[in-house]
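A short worksheet on the structure shown next.
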Amino acid sequence: MKLVKLIANLGYGSRKQVASMFREGRITDATGEVLYADDRVDHAAIRIDGEPLDPPAGLALMVHKPVGYTCSTKDSGRVVYDLLPPRFRLRAPLLSTVGRLDRDTSGMLLMTDDGQLLHRIVSPRARLPKVYEATLASDLRGGEAATFASGTLLLESENSPLAPAAMEVLGPRQARITLTEGRYHQVRRMFAAVGNHVEALHRPRVGGLSLGDLPAGQWRVLDADDLSTLFDV
Ligand code: URA
């Protein structure tokens with residue numbers, strides 16, 4: 076791919092703007108040698124204003140989504156893209172969220188521009204476990220784990236029952252839920268179905284991958300090892 080297109084596709088500017096960055100000598104190789112638009116150079120060797128280029132297409136990220144951010148590009152409030160460098164929103168192919176977390180849910184959100192990877196993660200056949208920790212408004216009654224594990228729980232306005240889900244009690248009003256599907260507001264609706272209310276919801280893990288010590292609001296690029304850990308369940 077031509078350098079101008081490659082750099083424009085990473086969101087650094089329109090092709091016209093990137094062409095003028097070349098003319099201004101802002102695009103160099105790792106030794107500081109000025110590059111020209113038709114040079115052939117490895118992605119890893121390119122610098123813009125001395126900084127390495129953002130990762131190429133095939134990007135996968137883990138974001139620690141704080142409460143208050145929406146998984147959308149267009150919401151009028153804060154959106155998860157606000158947590159990333161602004162040019163990430165302008166990349167081609169597009170960087171999209173892998174599934175969604177509600178505005179009021181915190182935790183691990185995956186993002187990628189790789190359609191096949193996205194499909195592998197969200198596909199119901201992958202049955203990748205998603206782990207949630209819920210803080211509840213009322214004490215657990217004792218029957219919830221059996222109800223969620225039954226595979227017969229039918230949520231309001233749905234016509235097929237939920238797949239069995241595992242629940243561990245973490246405290247009188249705290250539970251860890253492991254889902255292998257992702258229906259709209261699923262955890263909140265599951266607790267509503269058993270007469271409770273979720274006050275806070277956090278997702279610490281997807282598949283074999285945990286947030287670890289990534290602080291809220293921060294993100295990191297996933298490498299090949301992270302991706303194999305993700306699917307290693
Ligand atoms: N279930 C919910 O209710 N909300 C989420 O964000 C994810 C799962």
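In the numbering used here, the protein residues as written are 76 to 308. Ideal Cβ positions, reconstructed from N, Cα and C, are used throughout, including at glycine. For clarity, every value in this text was computed on a predicted model and none was experimentally measured.
Contained alpha helix (DSSP H) runs [length at least 4] in the stretch 150-235, N- to C-terminal order: 190-197, 219-224
Check whether G292 and R164 have beta carbons under 8 Å apart: no
Using CA atoms only, rank isn't needed, just tell me which of R101, S151, T106, K149 is closest to A112. R101
Can you check DSSP and say which residues form a bridge with H139? M183
Compute the minimum distance between the beta carbon of Y207 and the heavy atoms of the ligand URA, and state whether it is under 7 Å. yes
Spatially closest choice to P141 from L302, L110, P279, by CA coordinates: P279
Does the contact criterion of 3 or more C-beta pairs under 8 Å hold for the stretch 209-217 versus the stretch 262-280? yes
Does the beta-carbon of R251, which I'm using as the reference point, lie nearer than 7 Å to any heavy atom of the ligand URA? no
Can you give the Cα-Cα distance for Q92 and V138, rounded to whole angstroms? 29 Å
Residues near P130 in its chain [Cβ-Cβ closer than 8 Å; skip 5 each side]: V296
Using alpha carbons as the reference points, say which of H277, G88, G282, T180 lies closest to S198. G282
At least three beta-carbon pairs within less than 8 Å, the stretch 165-172 to the stretch 185-197: yes
Please work out which residues of its chain come closer than 7 Å, Cβ to Cβ, to S147, disregarding the five sequence neighbours upstream and downstream, and give them in chain order. V154
The ligand URA: which residues have Cβ under 5 Å from any of its heavy atoms, chain order? L176, D177, T180, H260, Q261, V262, R263
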